[in-house]
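Asker: Here you go, one structure.
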Amino acid sequence: MGENAALKDAFADEPAFVPYLAAGDPSYEASLEYVEALERGGADVIELGLPFSEPIAEGPTIQEAVVRSLQGGMTPERFFEFVEDLDVDVPLVCMTYYNLIYQYGDEEGPRPFVEKAASLGLSGFVVPDLPAEEAGPLRAACDEFGLDLVFIVAPTTAGDRLERIMNQVSGYVYVQARLGVTGAKDDVSDQTGASLSRLREWDVPKAVGFGIKSGEHAREVVAAGADGVIVGSALVDIVAEGHEDDTPVAETAGRLESKARELKEGALAGASDGDAAAADAEEAGGDPDDESLAESEPT
Amino acid sequence: MGENAALKDAFADEPAFVPYLAAGDPSYEASLEYVEALERGGADVIELGLPFSEPIAEGPTIQEAVVRSLQGGMTPERFFEFVEDLDVDVPLVCMTYYNLIYQYGDEEGPRPFVEKAASLGLSGFVVPDLPAEEAGPLRAACDEFGLDLVFIVAPTTAGDRLERIMNQVSGYVYVQARLGVTGAKDDVSDQTGASLSRLREWDVPKAVGFGIKSGEHAREVVAAGADGVIVGSALVDIVAEGHEDDTPVAETAGRLESKARELKEGALAGASDGDAAAADAEEAGGDPDDESLAESEPT
Amino acid sequence: VKFGEYGGQYVPEALMPAIEELTDAYERYVLENEDGFMDEFRERLRDFGGRPTPLQYAEHLSERYDSEVYLKREDLLHGGAHKLNNALGQVLLAKYMGKERIVAETGAGQHGTATAMAAAHLGLPCEIYMGKRDINRQRPNVFRMKLNGSEVNPVTTGRGTLKEAISETMRDWATNVEDTHYVIGSVVGPAPFPAMVRDFQAVISEEAREQAIEQTGGVPDTVVACAGGGSNTMGTFANFVDDDGSDGGTRTDLVAVEAGGSSLSVDEEAGVAPNSASLSTGDEGVLHGARTKLLQDRDGQILESHSVSSGLDYAGVGPELAYLVDEGRVRAANVDDDAALAAFHRLSRLEGVIPALETAHAFAWADENRDELGEITVINVSGRGDKDLESVVQETEERDVEGAVDMGEVFH
Amino acid sequence: VKFGEYGGQYVPEALMPAIEELTDAYERYVLENEDGFMDEFRERLRDFGGRPTPLQYAEHLSERYDSEVYLKREDLLHGGAHKLNNALGQVLLAKYMGKERIVAETGAGQHGTATAMAAAHLGLPCEIYMGKRDINRQRPNVFRMKLNGSEVNPVTTGRGTLKEAISETMRDWATNVEDTHYVIGSVVGPAPFPAMVRDFQAVISEEAREQAIEQTGGVPDTVVACAGGGSNTMGTFANFVDDDGSDGGTRTDLVAVEAGGSSLSVDEEAGVAPNSASLSTGDEGVLHGARTKLLQDRDGQILESHSVSSGLDYAGVGPELAYLVDEGRVRAANVDDDAALAAFHRLSRLEGVIPALETAHAFAWADENRDELGEITVINVSGRGDKDLESVVQETEERDVEGAVDMGEVFH
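Chains as they are written, first to last, in our numbering: chain L, 218 to 516; chain C, 218 to 516; chain Z, 76 to 487; chain G, 76 to 487.
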């Protein structure tokens, strides 16, 4: 399976902070500023959304971001320009729905889109409506051009399905913290520990997303064994608020940067907790991965 | 079959003019004046309507008279008071629907109503929703108290039905000039001649009604062989107009009297025409009764 | 032509020849199946109307009442009510008789729409008389009649409702009797209408009786139907009347549920009975061609009836039903507007069948009298409630209806 | 799980286990009748739904087209449309699977009302997602769902119509997948839905084929159905697909009639296709879980579709139908809004059957292409038009519709 080392490397030394924003939300120019602010705040990988008109996996926050971006004229071509215009050094992952990938270019199928993405230095894809069963053509194109294909593992994913996904995933695996859609709740699910536990045997970075909104959440998740945290809605909320209140772009960018910093620092703190907990568990002869998230919280 | 000579006598010498008004339309007092005006205008018999809430045989003109009378508080008891208060010498026929006759008094059936009517000197009844088949009890009560029961013969009435009716009728037979409801049109149907012809063999006065609105109509009908004319809607129209325009009662009464005179005179003129036509026909060796009404008009 | 003292032919003489002609046609075509009339009628009821309608086991009501409750699903008939059985029969008969024009009256519009459908299906021109007030209350049914090509003639006399529409249609018939058939909408009017309409509607109980025997092994203990004029009632009872226990078998209890309206008392001064319970509270009298039980004042003037369900809102009732009640074979019962509304909500929620408000009266009686239900109960779902949605929403908001959902919230 | 290249399972991973569970249940209960599932389904379709529906000879259309025209009367099914076949099947399947909660999307409200009825009948709690705009356009259907005890959840995203409601229901399902079944309303969505919904709807053509053989002596030459998502279409065609003439017998011409709307052209700038003709004009793409033909712009963004008939107003179509069109077994056709409205009036007036506006598209095609009708034509009356009365009156007033009556005059 082809692979882009950039993604895996981003998780190598310390827990990775993986923020999401929809490209072009609420405007092309502002969005460039916002994404760059995320890097300044400590992003290790950035998931950049290419908005699709029917975002079936997203909650209200990201749905509205999609609407703003589309109304601002975002298209796949503009998205690629956006990537070119973006001045960031961390790896970029394109998050979008399959129909946009499938339709791009003259021939049917995902190859032209992947080729274009590769030419611009994108590192990989997350495609929420493309389960492993349907991913063959995209996986092949990614292999051809050396890009990663990130898959989502849900709390309901188990057995053969988990095998099938883990055999196709590359870059990192997106561990869905709870059932539902993005951004739905603001606590961290205790399903996370169980999910991470099921994935232990695979040697691929595990990034947890869905519902992480604070440094404290990030800390808990990393302490529970995650290699990184994915945060979308909490950041999109800042963009939305800035848009609604006509806040100057620089100010919103500043807020995004400090939110990013909070989340990154939470993740780092979680790593220390996790080490400490692991040490405690080792002392007690237990297995830290079997403990629930709640129990592994610092007391 | 019991009989009240008054009705038959009213047709004996010359064509009878039989006007109709709803008792109590539009008020008790005015209505007394109006009925008395009809006598002054030449009425030979008066059909006095006791209004029923569901007058299925009436056209709009008489329906509205019924509504006015009921709203003025007319009831069977008030109707009988009305008859008592009325100062006329010509015979009175009560025209009403069967349910009012049936419900009157303590016992079920028409007897109490007929008894009361007889005690006040009423001469008979016309009941538009009581065909010969259902008339047995009322016929018996009329016989008991010496009142007449007038039946309607429609253009569709023939054969056995005609026999059945003519064997029960007394006073006069109400010859319905056309299909439909009262007052519907303002020309005289050419079905009249045919209807009269069918009735020739029975020795009972034939009064034609439905649609007679002018002296000229009355003349035509009598010329065609009728023994009398029944006029309702044309007179009720005058009452309605007076009511709507707030015309003084005396003035409306005057109009009714002159309309009555016009109709009575028309009927008388028709009798002369009829005699002449019969004479002509006799001269030509033809049978005047076979001629259509149109042909029997004076040329 | 009579049922005991009830029935008869109290109509203007002009109509009598047509009634004699109709009586003759009824006897030949309907009773003797001349020219295969009844075969064609049954075939059209099947293919056009959708017969047979099911007899459905109602699981949740059965639990609630501890009786096996079955629903006779006349709501599934084309047009959404039992009315088509009669309308199709009469329009077809008119065609066999060589009539060229159909007239009918309608109150809420159910009979009018059924007649309009039948007339379109059989290619006869049709005019429907409908009170002006009813026209404005029942717009969808007016649209349906007009879509089917019928003329709708507004009746402006009186209060502008069913009673006046019947009178006006009789006037039209009296005017055009030679080429016109008057499709009366219930088991009312002069003979032979009550018997003929019953015979056309009797397919309900013919099927229901067979279905009950097939599904439960016997005739039902209790059969319930709502009663206004009484056409669904007589149709539902007709084939059970002889199940009177005289042969030692089951005596099927027949319950006719009238609209108790807001009260059973009468305001004679205003000429209003705030109910339509002529079987329960009416007196013998003559209306619209027949002697029957009526809501009338002491003089014999007809009272304005009332019901939350416009299809039951009539001051008279079929003469045969009056007779069967007097004879003790049919039980007259009634429930008030509130109970009918609650039953409307209950059946909708528990069984997924939204009944007509008329129909809901039958279910309200069953709910209030569950101890009187036998082991097997059949309730006739005479029609569906789509036509009543707006008025139910309105009435529900104005009252405190047991078990009703808040209909408005979703629009806020 | 695919029909050629069409179909598949393009859904979030969280749903895949539920889809695998559903696939397993579909194979066992539906295909293999495990635990007598199909027997119970058929019995409930009969007793609760009113099946079989008739195949009615349409005398006046037959004269008009010089073809024997038969109407498959799905409008007589409980609820007034074919939708119950599928809703009842899926809710029953959910019960067999031990699910405790039903969700569904609805556009015009027909699938929502069918699901709400089925859920009430089977005693499962149910929530229906419906676009806010549709809620306000389809009040009566909202009332019906609520009366049947379902929650109606307004969807305010996007334009507030069917597309958004589907997306929102998928989100609910993704959140509550463990105890919840999503009753998809058409032959769309991820496998096994397209095949399963087709199988539940196939009762239409199973009956129609038998009835046609019984009534005419053979399979029909032409079968016509309207197509939006395609559930009535696939239900009507399923048992005729093999009548392809390959055995030397009749080749039944299968015509899927889409909504041509006001125009077949597309305004990419506005993201609007003023039609819903995805079979006729769409391109392959992925939407709502399946690869199929779609109305989309060149980038792959889904266009807002349009039709005078809200039940056809969808940018996608069932993948099997897309496949059968590509294979040449099904003919994709379309008629515009005006033709559909004229057909609505025509069928109502000529046959006494008021069709749904969706259904009217099939009749409009027959009228425009009468030369292409074979000796025997079957047209599916997928639903009744009661729900469309107000909008037909309004649309008719705004246009010059051929043969339409003036609906307003009686109210003046």
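Think of the CB as a built atom: it goes at the ideal place given N, C-alpha and C, for glycine as much as any other residue.
Compile a chain-ordered list of the residues in the segment 450 to 478 of chain Z whose CB is closer than 9 Å to at least one CB of chain G.
Answerer: Residues R459, G460, D461, K462, L464, E465, V467 and V468.
Asker: Extract the residue ranges of the beta strand (DSSP E) inside the segment 337 to 419 of chain C, only unbroken runs of 3 or more that lie entirely within it.
Answerer: Here the runs fully enclosed are 341 to 343, 365 to 367 and 390 to 393.
Asker: How would you label S338 of chain Z, buried or exposed, when you count the other beta carbons within 10 angstroms and need 16 or more for buried?
Answerer: exposed
Asker: Give me the DSSP bridge partner(s) of L238 of chain L.
Answerer: In the DSSP output, where bridge partners are listed per residue, L238 of chain L has L:L265.
Asker: Using 8 Å as the threshold, is the C-beta distance between Y276 of chain Z and N314 of chain Z below it?
Answerer: What sits at residue 276 of chain Z in the sequence shown is Gln, not Tyr. For Q276 of chain Z and N314 of chain Z, no; Cβs fall outside 8 Å.
Asker: Within 10 angstroms of its Cβ, does G173 of chain Z collect 16 or more other Cβ (buried), or is it exposed?
Answerer: G173 of chain Z sits exposed, since fewer than 16 C-beta atoms from the chains shown fall within 10 Å of its C-beta.
Asker: In chain B, which residues lie with their C-beta within 8 Å of the C-beta of E359 of chain G?
Answerer: Protein chains L, C, Z and G are contained in the structure displayed, whereas chain B is not.
Asker: Using DSSP bridges, identify the partner residues of R366 of chain G.
Answerer: G:G82 and G:V361
Asker: Does H256 of chain Z have its Cβ less than 8 Å from a Cβ in chain G?
Answerer: no
Asker: Tell me whether P515 of chain C sits in a helix, a strand or coil according to DSSP, three-state version.
Answerer: No answer about P515 of chain C holds up, because its pLDDT of 37 lies below 50 and its placement is not dependable.
Asker: Does any residue of chain Z have a CB that is nearer than 8 Å to the CB of Y237 of chain C?
Answerer: Taking Cβ atoms only, chain Z never reaches closer than 8 Å to Y237 of chain C, which makes this a no.
Asker: Which residues in the same chain have their Cβ closer than 6 Å to the Cβ of A133 of chain G, if we skip the five residues on either side of it in sequence?
Answerer: Taking C-beta separations shorter than 6 Å and ignoring five residues to either side along the sequence, the partners of A133 of chain G in its chain run V144, L146 and E426, following chain order.
Asker: Using CA atoms only, rank isn't needed, just tell me which of L:P422, L:A240, L:T399 and L:D490 is closest to M383 of chain L.
Answerer: The option with the nearest alpha carbon to M383 of chain L is L:P422.
Asker: The beta strand (DSSP E) that contains K147 of chain Z, what's its start and end?
Answerer: E143 to K147
Asker: In three-state DSSP terms, what is V227 of chain Z?
Answerer: strand
Asker: Within a Cβ cutoff of 7 Å, which residues of the same chain sit near L197 of chain G, ignoring the five residues on either side of it in sequence?
Answerer: Within the same chain, L197 of chain G has close Cβ partners V166, L167 and K170.
Asker: Taking only beta-carbon positions, decide if P345 of chain L is within less than 8 Å of chain G.
Answerer: yes
Asker: Touch check for the segment 152 to 160 of chain G and the segment 339 to 359 of chain G: three-plus C-beta pairs under 8 Å?
Answerer: no
Asker: Excluding the 5 residues preceding and the 5 following V405 of chain G in the sequence, name in chain order all residues of the same chain whose CB lies nearer than 6 Å to its CB.
Answerer: L329, A331 and L399
Asker: For the beta strand (DSSP E) that contains T255 of chain Z, what are its first and last residues?
Answerer: T255 to V258
Asker: Does any residue of chain G have a CB that is nearer than 8 Å to the CB of P210 of chain L?
Answerer: Look at the range of chain L in this structure, 218 to 516, and you will see that residue 210 of chain L is not part of it.
Asker: DSSP state of V448 of chain C, grouped into three classes?
Answerer: strand
Asker: If contact means a Cβ-Cβ distance below 8 Å, which residues of the segment 365 to 394 of chain L contact chain G?
Answerer: F368, I369, V370, A371, P372, T373, T374, A375, R378, I382 and Q393
Asker: Here's the rule I'm using: 16 or more other beta-carbon atoms within 10 Å means buried, otherwise exposed. How should D374 of chain G be labelled?
Answerer: The residue is buried, with at least 16 neighbouring Cβ atoms inside 10 Å.
Asker: Alpha carbon to alpha carbon, how far is K225 of chain C from A260 of chain C? Give it in angstroms, no decimals.
Answerer: 14 Å
Asker: Please compile the residues from chain L whose C-beta is within a distance smaller than 7 Å of the C-beta of K238 of chain G.
Answerer: E271
Asker: Buried or exposed for Q213 of chain Z, please, with buried defined as at least 16 other CB atoms from any protein chain shown within 10 angstroms of its CB.
Answerer: buried
Asker: For M220 of chain G, does the three-state DSSP call read helix, strand or coil?
Answerer: helix
Asker: Establish whether the CB of S353 of chain G and some CB of chain L are separated by less than 8 Å.
Answerer: no
Asker: By a C-beta neighbour count over all protein chains shown, 10 Å radius and 16 as the cutoff for buried, is T236 of chain G buried or exposed?
Answerer: buried
Asker: For L510 of chain C, collect the residues of the same chain with a Cβ closer than 6 Å to its Cβ; drop the 5 residues on either side in sequence, then sort them by chain order.
Answerer: With a pLDDT of 41 at L510 of chain C, under the threshold of 50, the modelled position of this residue cannot be trusted; read the value that follows with caution. D407, T409, G410 and A441.
Asker: Compare the C-beta of A100 of chain G against all C-beta atoms of chain L and say whether one is closer than 8 Å.
Answerer: no
Asker: Since V410 of chain G sits in a beta bridge, which residues does DSSP pair it with?
Answerer: DSSP output for V410 of chain G lists G:A334 as bridge partner(s).
Asker: Take D254 of chain Z and list the residues in its own chain whose beta-carbon comes closer than 8 Å to its own, dropping the five residues that flank it on each side.
Answerer: If we look at D254 of chain Z and ignore the five residues flanking it on each side, its Cβ neighbours are K174, E175 and R176.
Asker: I want to verify the contact list: residues of chain Z whose CB lies under 8 Å from the CB of Y132 of chain G, in sequence order.
Answerer: Scanning chain Z for C-beta atoms nearer than 8 Å to the C-beta of Y132 of chain G yields D122, reported in chain order.
Asker: Mind reading off the beta-carbon distance from L255 of chain L to L473 of chain L? Whole number of angstroms is fine, and I expect it under 8 Å.
Answerer: 6 Å
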